[in-house]
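Engineer: Quick one: the structure is below, questions incoming.
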Amino acid sequence: MIPAALAWCLWAPGAYAQDRTCAEFYARLPNVSWALCQGVQLQASEGRSVRGRTIYVRDVQPESPPRLRVLVVGGIHGDELSSASVALHWIRLAQGSQEPIHWRFIPALNPDGLFDKPARRVNANGVDLNRNFPTPNWERDAAYYWEVRTRKDPRRWPGRRPLSEPESVYLHDEMQRFKPNLIVSIHAPYGVLDFDGPTEPPRRLGRLYLDQVGIFPGSLGNYGGVHKGMPVVTIELPSALLTPRNVEIQRMWDDLRDWMGVTLAGAAGASVAIQR
């Protein structure tokens, strides 16, 4: 049985944009209730996908001036449904926190891939967005990686040039505007924790332990963490189709904030008290 509001937004021509958005997320994403999607209050950004779909964003800001800015990105790969779900759960948790942190969430960077049937890793142009960022020597290294290392795997095509896709351009520009002290990129399904950047990495988040898997041409971790010096925590959830239990989602969130309060805040010259 679906919520009455969902039935309304599916059929009524005058339905609100928030209801239409939640209808799609509710229907597609695992462990996302109607109440959760409504409660996080997603907002339309200026970003659009290849097919013109809106890229939604949510800012959670403290009343006092923030001491840290954190950008959380899910759904870079459209078939990693759990990554967008966890981002939505984390928005709810951020709404209840009191730390001097400005959170910016982009739960589904690749809506075309997410809402394809079946969902696809790549965007509507067939580009792997996580290989499309302008890392040094992209033209040489990205081509070699795709042609030789992946044997031209179409799921990992980096595109014809860096930032060829509107979704990667939008995230690139958001990094320029927001100037995050930390980027958290949520993926699946390898069940590990990865890190790129100049600070001491977190050793674990919940049941995920640090296992740095290497640097790939055009990846967000390579571009942000290695090239730009913005620490990038890459979370690889154990499943692309199922989220961890809610208690584990909470534990990962708490471990991330604990690490930020000690390592990241110290590197930024700030003091962030974590409140449970």
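Each residue of the sequence shown is one higher than the one before, starting from 255 at the first, in my numbering.
Backbone N, C-alpha and C fix where the C-beta goes; we use that ideal spot for every residue, glycine too.
Quick caveat: nothing in here was measured; it's all calculated off a predicted structure.
Does the beta-carbon distance from L368 to S422 come in below 8 Å?
Structural biologist: Along the sequence shown, one-based indexing puts residue 368 at 114. Along the sequence shown, one-based indexing puts residue 422 at 168. No, the Cβ-Cβ distance between L368 and S422 is not below 8 Å.
Engineer: For P456 and Q295, I'd like the C-alpha separation in whole angstroms.
Structural biologist: For the purposes of this step, residue 456 is taken as residue 202 along the sequence shown, with counting starting at 1. For the purposes of this step, residue 295 is taken as residue 41 along the sequence shown, with counting starting at 1. Distance between the alpha carbons of P456 and Q295 is about 30 Å.
Engineer: For the beta strand (DSSP E) containing F387, list its first residue and its last residue.
Structural biologist: Taking the first residue of the sequence shown as position 1, residue 387 is located at position 133. Counting along the chain, F387 falls outside any beta strand (DSSP E), and DSSP gives it neither H nor E.
Engineer: State buried or exposed for E419, treating a residue as buried only when at least 16 other CB atoms are found within 10 Å of its CB.
Structural biologist: Along the sequence shown, read from residue 1 onward, the residue named residue 419 stands at position 165. Classification for E419: buried.
Engineer: Apply the 10 Å Cβ neighbour rule to R358 and answer buried if 16 or more other Cβ atoms are within range, or exposed otherwise.
Structural biologist: Taking the sequence shown and counting its residues from 1, the one referred to as residue 358 is at position 104. It is buried - the Cβ of R358 has at least 16 other Cβ atoms within 10 Å.
Engineer: Return helix, strand or coil for I309, following the three-state DSSP convention.
Structural biologist: Here residue 309 is taken as the residue at index 55 of the sequence shown, counted from 1. Looking at I309 - three-state DSSP - the assignment turns out to be strand.
Engineer: Leaving out five residues on either side along the sequence, give the residues of the same chain with a beta carbon under 6 Å from the beta carbon of V487.
Structural biologist: If you number the sequence shown from 1, residue 487 lands on position 233. Cβ within range, chain order: V438, F449.
Engineer: I'd like the list of long-range same chain contacts for W513, defined as Cβ closer than 6 Å, with 5 residues on each side in sequence excluded.
Structural biologist: For the purposes of this step, residue 513 is identified with residue 259 of the sequence shown, where counting begins at 1. Excluding residues within five positions, the ones whose Cβ falls inside 6 Å are P456.
Engineer: Grab me the residues of E502's own chain with a C-beta within less than 6 Å of its C-beta, minus the 5 sequence neighbours each way, in chain order.
Structural biologist: Here residue 502 corresponds to residue number 248 of the sequence shown, with the count starting at 1. The answer, listed in chain order, is G460.
Engineer: Among P492, A378, D508, Y463, which has the Cα closest to the Cα of L335?
Structural biologist: For the purposes of this step, residue 335 is taken as residue 81 along the sequence shown, with counting starting at 1. Among P492, A378, D508, Y463, the Cα nearest to that of L335 is on P492.
Engineer: So who's on the other strand from F359, going by DSSP bridges?
Structural biologist: What you label residue 359 is simply residue 105 of the sequence shown in a count that begins at 1. F359 pairs with R312, V326.
Engineer: Kindly indicate which three-state DSSP category E393 falls into: helix, strand or coil?
Structural biologist: Position 139 of the sequence shown, counted from the first residue, corresponds to residue 393. Note: E393 maps to helix in three-state DSSP.
Engineer: For F279, does the three-state DSSP call read helix, strand or coil?
Structural biologist: As a first step, residue 279 must be located in the sequence shown, where it is residue number 25. Looking at F279 - three-state DSSP - the assignment turns out to be helix.
Engineer: With DSSP collapsed to three states, give me the class of D273.
Structural biologist: On the sequence shown, residue 273 is found 19 positions in, with the first residue counted as 1. If DSSP states are grouped into helix, strand and coil, D273 belongs with the helices.
Engineer: Only counting the same chain, and skipping five residues up and downstream in sequence, which positions put a Cβ closer than 8 Å to that of L464?
Structural biologist: The residue given as residue 464 occupies position 210 in the sequence shown. These residues qualify, in order along the chain: V446, L447, D448, F449, P455, P456, R457, R458.
Engineer: Name the DSSP bridge partner or partners of R302?
Structural biologist: Indexing the sequence shown from 1 puts residue 302 at position 48. Bridge partners of R302: T308.
Engineer: Which one of P284, M506, Q297 has the shortest CA to CA distance from T275?
Structural biologist: To locate residue 275, count along the sequence shown from 1; it is residue 21. Comparing Cα-Cα distances from T275 to each of P284, M506, Q297, the minimum goes to Q297.
Engineer: Rank I345, Q315, T389 by C-alpha distance to the C-alpha of R415 and give the top, closest one.
Structural biologist: Your numbering for residue 415 matches position 161 in the sequence shown. It is T389 whose Cα lies nearest to the Cα of R415.
Engineer: Have a look at Y310 and S337 and give me their C-alpha separation to the nearest angstrom.
Structural biologist: As a working note, residue 310 is residue 56 in the sequence shown. As a working note, residue 337 is residue 83 in the sequence shown. Rounded to the nearest angstrom, the two C-alpha atoms are 15 Å apart.
Engineer: Drop a sphere of 10 angstroms on the beta-carbon of E490, count the other beta-carbons inside from all chains shown, and report buried for 16 or more, exposed for fewer.
Structural biologist: Your numbering for residue 490 matches position 236 in the sequence shown. That one is buried.
Engineer: Evaluate R403 with the Cβ neighbour count: other Cβ atoms within 10 Å of its Cβ, from every protein chain shown; 16 or more gives buried, anything less gives exposed.
Structural biologist: Walking along the sequence shown from the start, residue 403 turns up at place 149. So R403 counts as exposed.
Engineer: Would you decide whether V467 is buried or exposed? Buried here means 16 or more other CB atoms lie within 10 Å of its CB.
Structural biologist: Within the sequence shown, the letter at position 213 stands for residue 467. Looking at its Cβ environment, which holds fewer than 16 other Cβ atoms inside 10 Å, V467 is exposed.
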